[in-house]
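One line per chain: the protein sequences are D and U, in this order.
Each residue of the first sequence is one higher than the last, beginning at 1 in the UniProt record's numbering.
Each residue of the second sequence is one higher than the last, beginning at 1 in the UniProt record's numbering.
Notes follow once the structure below has been shown.
Protein chains: 2
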Amino acid sequence: MAHPYMPRDLNLLDYVPNSLSQSTILAVFGLSSFVVVSLIWLISGLYFFLSLPLFVILFKWLISVPGRCAKISKLDRWLMCWWTFTGLTHIILEGYFAFSPEFYKEKTGFYLAEVWKEYSKGDSRYAARDVGVVAVEGITAVFEGPLSLLATFAIAKGKSYSYILQFAISLGQLYGTAVYFITAYMEGDKFAASAYYYYAYYVIANSFWVVIPTLISIRCWKKICSAFQLQGQKKNKVR
Amino acid sequence: MAHPYMPRDLNLLDYVPNSLSQSTILAVFGLSSFVVVSLIWLISGLYFFLSLPLFVILFKWLISVPGRCAKISKLDRWLMCWWTFTGLTHIILEGYFAFSPEFYKEKTGFYLAEVWKEYSKGDSRYAARDVGVVAVEGITAVFEGPLSLLATFAIAKGKSYSYILQFAISLGQLYGTAVYFITAYMEGDKFAASAYYYYAYYVIANSFWVVIPTLISIRCWKKICSAFQLQGQKKNKVR
């Protein structure tokens with residue numbers, strides 16, 4: 001079975017083509033992401049729940065700092081949405097890829113295999129099982145995925161490790177994306193089936209994991225520096 | 001010219017063998033590292049210099065926090081040694097490798113080319129210019145190298161970004177080492193010329209960049225959490 005990927009001489013024995021259309025694959029991803037983001041946005045903002053006795057215990061533990069009941073800022077609520085979205089993407093989508101070397105032979109139309117068959121049109125190294133790509137995706141799925149969900153929880157609870165955790169994951173995402181782009185560039189950037197897939201999948205889809213982690217890293221860096229400046233002032237006062 | 005690397009079918013046209021012996025190469029690296037570490041250790045501890053007028057201005061700027069003249073702790077002095085050593089290694093050794101695709105053809109006995117010809121006995125992907133290895137070494141040389149030297153300076157000056165900077169570089173080193181080991185493992189771990197080179201170069205030499213960054217990351221994580229706990233206590237007092 002001939003495959004639609006580039007370079008044309010890539011050998012994919014027993015390849016089975018996509019059974020879902022591009023629009024179906026994107027719609028499922030878009031809709032489920034929208035549901036997740038909406039849920040996190042609503043739950044993180046629903047403070048009136050706290051007046052209902054049934055929810056008090058659960059919510060006190062889930063989204064409030066012990067001893068106080070400060071509202072979560074809008075920015076922090078957006079960040080909770082981001083961390084939940086990116087965490088589930090890392091665990092479910094990238095986790096499936098990292099541990100399914102033969103997804104391109106999948107005949108059942110299983111959604112996660114369909115996603116990677118489709119994405120491989122933008123970067124055939126996924127179907128070809130390039131070791132650099134698999135290493136980065138493995139690290140992302142195993143470490144960054146669960147830690148992203150922990151970040152959502154850390155923001156909600158106002159944990160002292162919240163910023164350093166967000167910084168660590170963002171830096172990991174940036175490092176992974178850097179390895180991903182540099183290796184493709186060094187091999188001649190020849191892995192997209194067409195200019196359309198190159199820009200839509202390889203450039204635009206990945207750019208979110210460049211721009212957002214960069215912004216989060218800068219914010220966390222500043223917050224952490226401020227905390228140490230405050231600590232320094234306190235020490236100087238004691239002197 | 002037949003090369004000494006594994007796998008035997010690796011094609012290295014115009015390969016020129018090492019002209020320096022293993023002991024010479026290691027001795028130069030060991031001695032120059034020893035000189036660098038000793039210098040940093042001595043300078044960071046020589047507080048009596050501050051009583052000599054000639055050194056006051058230079059030293060006030062280089063190693064003291066403005067307005068105070070606190071002694072640098074022994075642990076911080078060791079860390080300054082580590083960051084200078086690892087920074088120079090990243091910039092000089094790994095920087096040369098990242099931007100010298102044809103080092104294995106070098107005829108002049110140039111020291112940096114000799115180092116990589118020798119190290120390739122532990123991991124031939126260096127001579128073979130594996131894109132994953134080059135990407136990781138490039139990121140290490142360009143970003144982590146200069147930032148490591150900045151970390152030495154930041155510790156000396158007691159900068160507020162000192163811990164987050166050390167954390168960021170250490171995490172980058174760990175990520176790079178993870179990609180480095182995972183990709184070799186996935187390709188069958190077949191790149192060492194013998195068990196001796198495998199353990200001496202590939203395992204033991206690299207293990208320093210696993211153990212030390214791990215310890216530094218944990219320390220920085222704790223320091224940063226403490227700073228936020230202090231900030232939290234302060235805020236609660238204000239309430």
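In this text, a Cβ means the ideal position worked out from N, Cα and C, and glycines have one as well.
Step through the CB atoms of chain U and report whether any lies within less than 8 Å of the CB of residue i.
{"i": "D:W221", "result": "yes"}
{"i": "D:M6", "result": "no"}
{"i": "D:G138", "result": "yes"}
{"i": "D:Y175", "result": "yes"}
{"i": "D:V131", "result": "yes"}
{"i": "D:I182", "result": "yes"}
{"i": "D:L142", "result": "According to the sequence as given, residue 142 of chain D is Val; it is not Leu. No - not a single Cβ of chain U is within 8 Å of the one on D:V142."}
{"i": "D:V134", "result": "yes"}
Identify the contact partners of residue i in chain D, using a Cβ-Cβ distance below 9 Å as the criterion.
{"i": "U:C225", "result": "K159, S160, Y161, I164"}
{"i": "U:G87", "result": "Near U:G87 there are no residues of chain D at all, since even the closest Cβ is about 18 Å away, more than 9 Å."}
Once the 5 residues before and after residue i are set aside, which same chain residues still bring their CB inside 7 Å of it?
{"i": "D:Y197", "result": "K121, G122"}
{"i": "D:A193", "result": "P4, Y5, M6, K121"}
{"i": "D:W82", "result": "I212"}
{"i": "D:F85", "result": "S33, V36, V37"}
{"i": "U:L230", "result": "none"}
{"i": "D:T214", "result": "L174"}
{"i": "D:L93", "result": "L112, V115"}
Under the assumption that residue i contacts residue j (Cβ atoms under 8 Å), give the Cβ distance between them as a whole number of angstroms.
{"i": "U:S44", "j": "U:A156", "result": "7 Å"}
{"i": "D:K223", "j": "D:Y180", "result": "About 28 Å; that fails the 8 Å criterion."}
{"i": "U:M186", "j": "D:A135", "result": "7 Å"}
{"i": "D:G176", "j": "D:I139", "result": "7 Å"}
{"i": "D:S124", "j": "D:F191", "result": "5 Å"}
{"i": "D:P114", "j": "D:N18", "result": "Note that residue 114 of chain D corresponds to Glu in the displayed sequence, not to Pro. Contact holds; Cβ gap of about 6 Å."}
{"i": "U:Y161", "j": "D:C225", "result": "5 Å"}
{"i": "U:T183", "j": "D:V131", "result": "4 Å"}
For residue i, which residues of its own chain have a beta-carbon under 6 Å away from its beta-carbon, when the five flanking residues on both sides are left out?
{"i": "D:I216", "result": "Q166, S170"}
{"i": "D:D14", "result": "K105"}
{"i": "U:G172", "result": "E144"}
Is residue i close to chain D? Criterion is C-beta to C-beta, closer than 8 Å.
{"i": "U:F97", "result": "no"}
{"i": "U:E187", "result": "yes"}
{"i": "U:G172", "result": "yes"}
{"i": "U:F29", "result": "no"}
{"i": "U:L230", "result": "yes"}
{"i": "U:F167", "result": "yes"}
{"i": "U:S124", "result": "no"}
Can you tell me where the alpha helix (DSSP H) holding residue i begins and where it ends?
{"i": "U:V133", "result": "131-139"}
{"i": "D:M186", "result": "162-186"}
{"i": "D:V28", "result": "22-45"}
{"i": "D:I155", "result": "145-157"}
{"i": "U:Y199", "result": "Careful: U:Y199 lies outside any alpha helix (DSSP H) and carries neither H nor E."}
{"i": "D:M6", "result": "Taken as a continuous stretch (DSSP letters only), D:M6 belongs to no alpha helix (DSSP H), as it is neither H nor E."}
{"i": "D:L112", "result": "111-119"}
{"i": "D:Y126", "result": "Segment: none, D:Y126 is in no alpha helix (DSSP H) and carries neither H nor E."}
{"i": "D:T86", "result": "74-88"}
{"i": "U:F97", "result": "95-98"}
Keeping to the same chain, check which residues put their C-beta closer than 8 Å to that of residue i; ignore five residues upstream and five downstream.
{"i": "D:Y111", "result": "L20, I25, V28"}
{"i": "D:H90", "result": "T140, A141, E144, G145, S148"}
{"i": "D:Y126", "result": "F97, W116, Y119, S120, V133"}
{"i": "U:R129", "result": "P101"}
{"i": "U:N206", "result": "T177, Y180, F181"}
List, in chain order, every chain D residue whose beta-carbon is nearer than 7 Å to that of residue i.
{"i": "U:A178", "result": "I139"}
At the 8 Å Cβ level, is residue i part of the contact set with chain C, yes or no?
{"i": "U:Y196", "result": "The displayed structure is made up of protein chains D and U, and chain C is not among them."}
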